[in-house]
Amino acid sequence: MKKRYQTNLAGKKTGKSFCIVNSYVCNRRQPSLEVLFQIAEVLQMDVKDLIKSSNND
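Read in order, the letters of the sequence shown are residues 1 to 57 in the working numbering.
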């Protein structure tokens, strides 16, 4: 439930629909850097924590 709330909150604060933000979360779309920074600010997170590495380190 927390994930859905955060997705909904991020969407409202960035002007993006729930579906768009959810597609970012599910890695079906990639946000612009501007939107990525907005989402990080809304969620009070570091942008680095929102970026998933594609390497299997």
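C-beta: ideal position from N, C-alpha, C; glycine also.
Which same chain residues, not among the five before or five after residue i, have their C-beta less than 8 angstroms away from its C-beta?
i   : result
I20 : G11 and R29
T14 : V21, V35, Q38, I39 and V42
D46 : A40
N27 : K52
V49 : Contrary to the premise, residue 49 reads as Asp rather than Val in this sequence. The answer, listed in chain order, is A40.
Excluding the 5 residues flanking residue i on each side, which residues of the same chain have their C-beta closer than 7 angstroms to its C-beta?
i  : result
N8 : F18
Q6 : L43
Quick one: residues in its chain with C-beta nearer than 6 angstroms to the C-beta of residue i, no 5 flanking neighbours on either side, listed in chain order?
i   : result
Y24 : P31
K58 : The structure shown does not extend to residue 58, since the chain is modelled only from 1 to 57, so the question has no answer here.
Taking all protein chains shown into account, decide if residue i is buried (16 or more other Cβ within 10 angstroms of its Cβ) or exposed.
i  : result
K3 : exposed
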